Amino acid sequence: MSKNSFIQLGGSKRQAPQNKRIKVTPQTKTMRLHLRINDSNSTLPRLAAAVKNGEMTPLSAEQLSVLLSHACQSAVGKVSKAVSEAGFSVGNFDPHTGLLPVEGSARLVRQHFGATLNEYLDERGNAFTGRKGVLSLPSEWDISDEVAAVHGIDQRPKLQPRYIDAGVIGVQPRQSMARSWNAKAAADHYGVPQNKLGGGWSVGFVSLGGGLDPKVCERANARLGLSAPKITIITVDGASNSPSGSMDGADGENYLDSQVQAAVAPLADQIMAIGPNTVTGFANALLALAKHERKPRKISISWGAREDGEWTDSDRDLFDRALQVCMAMGINVFCAAGDDGSSDGAKDGKAHCDYPASSPWNCACSGVYDNGSVVKAWNATFGGATGGGVSLKYPQYTAEQLLLQKAGVKLPVHADTGKPGRVVGDIAGIADPATGIEVMAPNGSIHVIGGTSAVSPFHAAAGVCLDSELGKATPDFNATLYKLAADGKNVCMPVTKGSNGAYNCNDGDVFNAVCGLGPIDYKKFFAALK
């Protein structure tokens with residue numbers, strides 16, 4: 022096959038991993054990848070937008086599956102025939118992700134997708150396959166219109182947990198600590214309804230590694246005088262529940278997410294989905310929650326990466342699709358906005374946003390310092406600052422943010438380009454480790470943890486408390502909160518002090534690119550929803 026007989030896949034370009042390279046990927050290595058089938062009619066985003074706008078009632082997973090399968094049926098057949106004739110084995114199409122699983126040797130992957138493959142070691146010494154360059158499809162297959170992207174060839178760890186451990190109470194020096202909150206006290210502080218405590222509903226969160234011992238959560242809630250929720254742990258794509266017994270890495274994130282949700286909504290069923298730290302593992306973990314029999318209406322994500330860093334355009338498109346599935350099913354997803362200020366960890370001196378928080382299909386959660394009387398944007402304490410800003414990859418304000426503009430609110434522009442874009446975040450909550458959240462470790466010690474990872478599970482659980490209080494699922498948070506603010510009935514508390522680097526909070530702000538609308542006053546929100 023000549024070099025000119027390939028068609029490049031847009032949005033697939035990747036730089037080689039910066040990890041240690043150990044060898045060329047063996048030709049005989051079996052590789053599992055996924056071809057994302059193109060829906061030329063944009064069925065899913067249209068359905069998601071209709072549910073978001075209140076134009077139709079949320080769909081069940083089964084209803085959505087039928088509609089999406091029908092939209093892609095002919096394309097799936099054509100693609101399956103082409104790749105199977107080339108020597109690949111083909112699995113079952115998943116209409117929710119739009120992914121068609123394909124398996125074959127590294128030789129076949131190199132030959133037909135133009136992939137440059139090598140083996141690398143991650144920070145923990147685990148080997149993974151990485152690639153560089155642009156992927157392509159053989160022109161003779163004649164499927165370039167049917168295949169939107171190819172995922173799964175590159176297996177480098179993609180995301181990082183968004184939390185900062187400020188230390189153990191009574192052990193480490195805490196001169197910078199103003200105070201700490203347990204999650205129940207934080208819920209009381211923000212007026213979260215605590216009559217039904219989420220009873221009869223469920224809440225979920227996504228994990229990308231490590232594990233969780235539910236007994237630790239039980240002991241943590243007992244410390245607060247609360248009963249323990251029923252915790253269900255599900256795994257996808259070969260991941261396992263493997264708690265290490267420490268608070269390092271993914272385990273610390275898991276205990277933070279679980280205990281915040283459990284303390285705010287102790288009578289709600291809690292579901293944790295663990296997937297591999299890849300874009301397909303991430304999407305499948307989120308969708309496993311969305312399709313779970315307990316039907317969680319609120320899900321939190323405390324993992325992210327710079328939107329223009331590890332994420333390719335096609336990667337973001339895939340995960341946007343998973344978020345759209347949630348929206349079409351009436352599920353609110355709350356995502357941490359990042360813990361590295363306006364740079365989001367980049368070293369180029371410019372402003373960047375974190376993904377998936379920058380997606381227009383989620384409720385992005387920024388962070389504040391809150392000692393009970395003083396509230397300001399979280400910046401610099403313990404080496405972090407709230408993420409936030411204006412997206413480079415989503416160059417339009419969301420429909421909800423345009424409601425504010427129509428009401429006379431001046432919307433932020435990108436600090437470097439001066440151009441508009443999706444503004445991150447939407448809401449805020451306690452994230453500064455100096456006023457952080459108390460989390461019990463497996464050994465019983467109490468850690469004070471901050472980061473926007475503390476904000477997303479808080480709002481997911483608070484939303485479930487609203488659901489149980491109202492006896493119905495609360496509508497899309499963003500659509501509701503922005504409309505209330507645009508109508509002069511703001512139920513959030515705007516943050517008017519502080520910055521995250523390139524973006525500032527100013528006196529008189531209703532909305533800004535650091536903390537969005539600000540923390541929610543749940544008493545006011547509940548009254549507005551009744």
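So for the sequence shown, the working numbering puts the first residue at 22; every next one is plus one.
Ideal placement from N, C-alpha and C gives every residue a C-beta, glycine not left out.
No experiment lies behind these values; they were computed from the predicted model shown.
According to the DSSP assignment, F226 belongs to the beta strand (DSSP E) that extends over 223 to 228. The continuous alpha helix (DSSP H) containing N305 extends over residues 300 to 311. With respect to the C-alpha of E239, the residue from H468, Q417, S279, L344 having the closest C-alpha is S279. Here DSSP, grouped into helix, strand and coil, assigns C356 to strand. Residues of the same chain with a CB within less than 7 Å of the CB of K99, apart from the 5 flanking positions on each side, are I164, E167 in chain order. For M350, the secondary structure class from DSSP, reduced to helix, strand or coil, is coil. Per DSSP, reduced to three states, the secondary structure at R327 is strand.
Here V395 is exposed, its C-beta having fewer than 16 other C-beta atoms within 10 Å. Here A378 is not near V476, since their CB atoms are 7 Å or more apart.
Here DSSP, grouped into helix, strand and coil, assigns T64 to helix. By the Cβ rule, the stretch 285 to 295 counts as touching the stretch 248 to 256, because three or more pairs are nearer than 8 Å. Judged by DSSP secondary structure, C384 falls within the beta strand (DSSP E) whose first and last residues are 384 to 391. In this structure the stretch 449 to 469 does not touch the stretch 416 to 433; the number of beta carbon pairs closer than 8 Å is below three.
DSSP places F134 in the helix class (H, G or I) of the three-state scheme.
Relative to the Cα of V430, the nearest Cα in the group V87, K504, D365, S364 belongs to K504.
In the three-state DSSP reduction, C238 falls in the helix class (H, G or I).
For H210, there is no enclosing beta strand (DSSP E); the enclosing alpha helix (DSSP H) has its first and last residue at 204 to 210.
The DSSP-derived three-state label of T46 is coil. Residue pairing from DSSP places M52 in a beta bridge opposite G125.
In the assembly as shown, V171 is a buried residue. Its beta-carbon has 16 or more other beta-carbons within 10 Å. In the DSSP assignment, L120 is bridged to R57, D115. The Cβ atoms of N275 and C384 do not sit closer than 7 Å to each other.
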